[in-house]
Each structure stands twice: as C-alpha cells, then as structure tokens.
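Novice: Mind looking over this structure? Questions follow.
Residue numbers (the numbering used here), protein chains in the order written: chain A, 1 to 315; chain B, 1001 to 1315.
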C-alpha cells in the first residue's frame, strides 16, 4: 500500500488562458479574478508570463500582478505563485518580481521552437537548462516542460524519441519537476499514458505535470490517462480559457472547474471550492460576453449527497 | 492473444439528438441527414423512436423515415436500422415499420421511470422483457438498456445493486445485447469501468454498449473507460446533438465525429468517413444556426500523415 498521492492543481487561466484573448483585460480585473482563484484552494496560480509586452500585450502587466500579490499583507498563504519565462530577460524580470515557481519549456517541434523562441530545439534546450539553474540557485522552484510533446500544429506528429531526449536533458541537469504540454491539443489518452509512462521510467522520483488543450475534446480524457500514468500535477484554466497564439490551431486549456467537478465525484480534492470556481467562470463569461468552453459552469454542478458519491474515498 | 474486437458505432443523432430540439426538423431534412450518415460507414443508425407524437412531436415522422429507407431500392447495405420503443404500441409500430434492431430500456431511477413511462422499475422491467421477447421471436435484434445507470437528475446517485438487478433480469431472460445509459451525464470514468466490469462478469458473452451525455464534459473520457472495460458498441450523435427532455439537466450525446477523430489517431475504425461526418455536422450547425457541442467540426481534423500516427495499428 502506498500513501495516496497529493494531487496538485495549477491554475494557468490568467496566463495561457488570457494570452490569446485579443482584448487586453484591465489589471484591476485580473487582480479581482486572481483574488478569487487564490481563495479556491488551488495549489499554484500562474499570474502571467514575462514576455515582451510588444509581442503579447495581454501579459504587459505581469509585474504589476506580482507586485500586488507579493506585498506582505496580501501574500496568499499556502498558494504558490508561478510565472512563465521564455528567455534570460524574462527570468531576470521574474526573479525581481518574486515568482515562487518558474515554468520554462522547450518545444519538441523545430518549427514551433523557432516561431516561439527563434531558436532550434538544441539551442533552446541549452538556454532553458542554464536559465533553470539560475532560478534554482536563487532558491526558486522550477518546472521544466516539453512543449508540443504530443504533436504540433505546424509539423504534425512529434517523435517520442525527441520528447524523451529533451526530458532526459532536464533530468541529467538535475531537475525533478517535469511537464509534458500538449500545446496543439493533439494528444489522445493512449499516447498520454505511453509518454508519461516513459517519462516516469526515465525519472521515477520526478513530480510529473500535464498541460492539455481541449481543441479536439480530449482534455479531460487525457487528464484521466495522465492520472493513471502517475501524473500528480495538473494545469488547467478556469472557464476553459486559453489557447496558444503561436500554434496554428489550439482550443482552450483543460477547464479547471470541469476537472475539479469530475474529481470530486471520486473523492479527489474535495477541499477545492468548486462553487467559487463556477462563480468565477460565470464572471469571466460575463466579462467576455460569450459562452466559454467549460461545461459545468453553465448548469452548475451535480447536486447530490457527497457521502453517497464517494463512499470511503478520500482526497 | 485475442482477435481485435469489432468496435460498433451506433449513431443516435436522429433520435436522442433531435428529440430535445423544440423546432421540429422537416422529414426531408432528416432523410438528407440520414442518407449522409448511412454513407459514412457507421454500423447502426437510429432513425427515430416510436413514441406518442403528441408527447414528442419531433419523432412523429419515424414511420416515414423507416418507410423511406426500408424501400428495396434504398435499403442501406450493411447498416442496421435501429429504433427506440417505450411500450407495446411503439413495438407494434416498429415491427410494422421494419426496424432491424429494437432499443428498449428500463430506468434505474424510480422517479425517472415513473416520469418517462408512468411505471415503477419492477413493472417497467417486466413489460420491457415481455416486449423484447416479442421482438426477438419476430426475428429482430434487441438491445436492452439500463437507463440512468450512473445517476439521475431527479434522484441523484443510483445504487449499483439496482442497476445490476435490472441487467440480471435481462440476462436471465436470455438477452445478450446490453447497454448502460448515462441519461443525465453523471458518469465518471472510474464508475464506468466499475459498472461495465460488473456487467461483463454478469454476462461474459454479451455485447456491451454505452451511451453517454456530455453534460459535464466527460463523454469522451467515459468512452475510453468503457472501451478499456470491454464495451464494444458506442452510441453517439453527430455534431454532439442531444439531450433527454425527461431529465432535469442533460447535455448532448457523445459527439460522433469527435469520437471517430480520437479513435482514428490510434488506428480504431479508420474505415469510418470522418470528413463526411464533419461535413454533416457543419450542415446541422448551419440548419440550427448555432454552434453545436462537437469540437472537431469547428476546426476540422488534425491533418497529418496517418502512417506516422498509428504505426502498426489496425482497425
């Protein structure tokens, strides 16, 4: 018998969720949404990315968000603040801003890598590992990701050997928080199980994280396959916000409240405040004046006695 | 080594998909959609239900659809025509109309059973088994379903013992095509695996069929759990049409083309014409002048070399 694994929920709606929205969301609005998220019981909240504001204007206020939430009187207790960085300048900004957990990645697609970073996979890998070492030596958490790990909107299939080679580079450099990101939404459950299984054999003690997009309707199915394969950290966006502007086609991220709703029905993470997530998804849908991809927020959750749903189950 | 199981695709969009649509679709339109469906390579097409036309006006033309497609010159080759019946009058109409496969069910929720049929579960079970015997003795195929098998919009959780008791009644009466239907969309993958596992132990030689609704975003995840549990027949609706007017909350059915798209990526059922399904979903979305629940029809399928996707895989 092994102890139940701690399942980590990493909310990325304010970053991956918003970055493809053409309308820049006012900082005060983001702060209000972040406050709501930080109170739901999710473990990690990604406040933004440190990218060039000219390239992604939606992320131009990331420092302001960090300044707000790292102020001593507002510092959220027990919630990790993460930020995405793509290059040294971003890392420098993130270190100054007080990021707890740095998320960095290398694309397994040459085309995606070059479009996103202007670098080959090999060059990007060297650069990211060096950046990650700097962050680690500054006392920060680092999660290293293989992006486009299940296929690419430009290139199509991505060889598993290439995904594993990038991951092996991360492991050999000493990193133990590893993520596979399905940037284009191409993953199917069998492939998710296979690639995370390989990653777990490569790095048996690593914390594995997944990041899916629901472009073809498989985000939740892929989360279940990942859970079965030993993944313990799940990136998701409230209301199902999201998509990547640097891939040809990408739907929203895994929807946070849909995932939490499904989990609760088998006793996983009952501590996360589903009603608060649903209320926030409704506020976000009202803000954008459109139906968001999430399902659960539309009708509300299944209302029934929890005891009857998960006999003997525990979070 | 066992031979690969034959996976059956049962299209129910013209029945479960349309029955909650308030606007009655003209018969000529349904015929055009059915023609398109019958040419896609799906195995079974449900043309409609034989219910009281006053209760479900959308189904008032079911006889006309059967009359059209059972005419010798239009009889589809290799495709089974199924119809849903709720009572003896419906069975009589279905037998006269030339139904190949009768679908009948008993709800595992007392409230749903009484609202849907005016009968208790016990009475409905006796009636359905008697009807099924009549259909079988007329040389017809029969699929017997436990409806609300994973929870009920009125009652909440449904005890597994009750689901199994209804199924046991079907098995003891000699029926070997069994379905569990998640009428309200409450199922989660773990429960799907457990209940179909129990059903498979109860009836090891039965053909097991599943029917999910995507109310909470889990239809595809549940289809994967069902596939792993030995289910070989999948009910789905093109464009993700659907919902049940007799439950409190129900989203569309499993989306046919989303399921086929996912399957193709691991080599399952490459013979089904995905492009034709997508084209039809687009026609349906245009007819209703709204976005349908399906995902794949919006952007189109992932375009990449099939050989690279499913090395060595076969349908």
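The beta-carbon is built from N, C-alpha and C at its ideal position, and this holds for glycine as well.
Keep in mind that this is a model prediction, so the values were computed, not measured.
Within 7 Å of any Cβ in chain B, is that where the Cβ of residue 287 of chain A sits?
Specialist: No - not a single Cβ of chain B is within 7 Å of the one on residue 287 of chain A.
Novice: DSSP on residue 1314 of chain B, reduced to helix/strand/coil?
Specialist: Caution applies to residue 1314 of chain B, whose pLDDT of 29 falls short of 50 and renders its modelled position unreliable; the value that the coordinates give is listed next. The answer is coil: DSSP assigns residue 1314 of chain B none of H, G, I, E or B.
Novice: Residue 1043 of chain B and residue 1084 of chain B: beta carbons closer than 7 Å?
Specialist: Taking 7 Å as the Cβ cut-off, residue 1043 of chain B and residue 1084 of chain B do not qualify as a contacting pair.
Novice: Give the C-beta separation of residue 1120 of chain B and residue 1127 of chain B to the nearest angstrom, bearing in mind that I take them to be a contact with Cβ-Cβ under 8 Å.
Specialist: The Cβ separation is near 10 Å, so there is no contact.
Novice: Relative to chain A, which residues along the region 1253-1268 of chain B have a C-beta separation below 8 Å, given in chain order?
Specialist: The region 1253-1268 of chain B vs chain A, Cβ under 8 Å: 1255, 1258, 1261, 1262, 1265 and 1266.
Novice: Between the region 92-99 of chain A and the region 158-172 of chain A, do at least 3 Cβ pairs fall closer than 8 Å?
Specialist: No: the two stretches stay apart, fewer than three of their Cβ pairs being nearer than 8 Å.
Novice: May I have a chain-ordered list of the beta strand (DSSP E) segments no shorter than 3 residues that lie completely inside the region 1180-1246 of chain B?
Specialist: Here the runs fully enclosed are 1207-1211 and 1233-1236.
Novice: Near residue 157 of chain A, what residues of its chain come up, given a Cβ to Cβ distance below 7 Å and the 5 sequence neighbours on each side ignored?
Specialist: So the qualifying residues of the chain are 151.
Novice: Which residue's Cα is closest to the Cα of residue 1104 of chain B: B/1190, B/1200, B/1143 and B/1052?
Specialist: Taking only the C-alpha atoms, the option nearest residue 1104 of chain B is B/1143.
Novice: For residue 101 of chain A, which of helix, strand or coil comes out of DSSP?
Specialist: Strand.
Novice: Have a look at the DSSP bridge pairing and note the partners of residue 1177 of chain B.
Specialist: DSSP, once it has assigned bridges, lists B/1207 as partnering residue 1177 of chain B.
Novice: Quick check: what's the CA-CA separation for residue 229 of chain A versus residue 1026 of chain B?
Specialist: Approximately 48 Å, taken between the alpha carbons.
Novice: Quick check on this structure: which residue in B/1242, B/1287 and B/1257 has the alpha carbon closest to the alpha carbon of residue 1215 of chain B?
Specialist: If we check each option's Cα against that of residue 1215 of chain B, B/1242 comes out closest.
Novice: Could you compute how far the alpha carbon of residue 1309 of chain B sits from the alpha carbon of residue 1267 of chain B?
Specialist: Residue confidence for residue 1309 of chain B is low, a pLDDT of 38 falling below 50, so the modelled location carries little weight; the figure read from the coordinates is stated next. Distance between the alpha carbons of residue 1309 of chain B and residue 1267 of chain B is about 8 Å.
Novice: Three-state secondary structure (DSSP) at residue 63 of chain A?
Specialist: Helix, per DSSP.
Novice: Does any residue of chain A have a CB that is nearer than 7 Å to the CB of residue 1022 of chain B?
Specialist: No - not a single Cβ of chain A is within 7 Å of the one on residue 1022 of chain B.
Novice: Given residue 1064 of chain B, which residues of its chain have a CB within under 7 Å of its CB, disregarding the five upstream and five downstream residues?
Specialist: Same-chain partners within the cutoff: 1027.
Novice: Does residue 1295 of chain B get closer than 7 Å to chain A when you measure Cβ to Cβ?
Specialist: Chain A, which has a Cβ nearer than 7 Å to the Cβ of residue 1295 of chain B, makes this yes.
Novice: Terminal residues of the continuous alpha helix (DSSP H) containing residue 46 of chain A?
Specialist: Premise fails: residue 46 of chain A lies in the beta strand (DSSP E), 44-50, not in any alpha helix (DSSP H).
Novice: Please go through the same chain and pick out, in chain order, the residues whose beta-carbon is closer than 7 Å to the beta-carbon of residue 1264 of chain B, but skip the five residues on each side of it.
Specialist: 1270 and 1274, listed in sequence order.
Novice: Assuming residue 1240 of chain B and residue 1222 of chain B make a contact with CB atoms under 8 Å, what is their CB distance in whole Å?
Specialist: About 14 Å; that fails the 8 Å criterion.
Novice: According to DSSP, what are the bridge partners of residue 141 of chain A?
Specialist: Its beta-bridge partners are A/101.
Novice: Give me the Cβ distance between residue 284 of chain A and residue 292 of chain A, rounded to the nearest whole Å; I'm assuming they're in contact under 8 Å.
Specialist: Rounded, the Cβ-Cβ distance is 6 Å, consistent with contact.
Novice: Where residue 1088 of chain B and residue 1196 of chain B are concerned, what is the direct C-alpha to C-alpha distance, given to the nearest angstrom?
Specialist: Cα to Cα, the separation comes out at about 29 Å.
Novice: State the Cα-Cα distance for the pair residue 1037 of chain B and residue 192 of chain A, rounded to the nearest angstrom.
Specialist: Residue 1037 of chain B and residue 192 of chain A: Cα-Cα distance of roughly 31 Å.
Novice: Is any heavy atom in the ligand ZN found nearer than 6 Å to the beta carbon of residue 174 of chain A?
Specialist: By its list of ligands, the structure shown contains no ligand whatsoever, and the ligand ZN lies outside what it can speak to.
Novice: Whole-angstrom Cβ separation of residue 1224 of chain B and residue 1257 of chain B, contact assumed at under 8 Å?
Specialist: Their Cβ separation, rounded to whole angstroms, is 16 Å, which puts residue 1224 of chain B and residue 1257 of chain B out of contact at 8 Å.
Novice: Does residue 83 of chain A come out as helix, strand or coil in the three-state DSSP assignment?
Specialist: Strand, per DSSP.
Novice: Whole-angstrom Cβ separation of residue 235 of chain A and residue 211 of chain A, contact assumed at under 8 Å?
Specialist: Yes, they are in contact, since the Cβ atoms of residue 235 of chain A and residue 211 of chain A sit about 4 Å apart, within 8 Å.
Novice: State yes or no: is the C-beta of residue 48 of chain A within less than 7 Å of the C-beta of residue 70 of chain A?
Specialist: It is not a contact, given that the beta carbons lie outside the stated cut-off.
Novice: Between residue 1 of chain A and residue 201 of chain A, what straight-line distance do the alpha-carbon atoms span, to the nearest angstrom?
Specialist: Bear in mind that the predicted position of residue 1 of chain A carries a pLDDT of just 41, short of 50, making it unreliable; the figure below should be weighed with that in mind. So the alpha carbons of these two residues sit roughly 20 Å apart.
Novice: With a threshold of 16 other CB atoms inside 10 Å of the CB of residue 314 of chain A, please say whether the residue is buried or exposed.
Specialist: Interpretation of residue 314 of chain A is limited by its pLDDT of 29, a score under 50 that renders its predicted location unreliable; the figure taken from the coordinates is listed afterwards. Exposed, because fewer than 16 other Cβ atoms sit within 10 Å of the Cβ of residue 314 of chain A.
Novice: Just the chain B side, please: which residues come within less than 8 Å of residue 182 of chain A by C-beta, in chain order?
Specialist: Those within 8 Å of residue 182 of chain A in chain B number zero; the least Cβ separation is about 12 Å.
Novice: Keeping to the same chain, check which residues put their C-beta closer than 8 Å to that of residue 279 of chain A; ignore five residues upstream and five downstream.
Specialist: These residues qualify, in order along the chain: 36.
Novice: By the 10 Å Cβ neighbour count, where 16 or more other Cβ atoms means buried, how is residue 1058 of chain B classified, buried or exposed?
Specialist: Answer is buried; the Cβ neighbour count reaches 16.
Novice: Can you tell me whether residue 1017 of chain B is helix, strand or coil according to DSSP?
Specialist: Helix, per DSSP.
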